[in-house]
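Visitor:
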Amino acid sequence: MESKARASKSAKEVGKTRQLRTELSTIYDLYMRYTAASAEAYPEK
Numbered sequence: 005m006e007s008k009a010r011a012s013k014s015a016k017e018v019g020k021t022r023q024l025r026t027e028l029s030t031i032y033d034l035y036m037r038y039t040a041a042s043a044e045a046y047p048e049k
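According to the working numbering, the sequence shown is numbered sequentially starting from 5.
#1: Can you grab the Cα-Cα spacing for the pair K8 / L24, in whole Å?
#2: Just how far apart, CA to CA, sit A11 and V18?
#3: Express the C-alpha separation of A40 and E27 in angstroms, rounding to a whole number.
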């Protein structure tokens, strides 16, 4: 009984981690696009 609860909890944790990783990669992608656009807009930097 306890092991089943533990398994479902770990599965939930994995799902949370995966969601966090997806959000991080999305933010990183937007950041890279923004910096690339800034570099094109201001080439002297």
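For every residue, glycine included, the Cβ atom is placed at its ideal position computed from N, Cα and C. Since the model is a prediction, treat every value here as computed from it, not as a measurement.
Guide: For this structure:
#1: 24 angstroms
#2: 11 angstroms
#3: 20 angstroms
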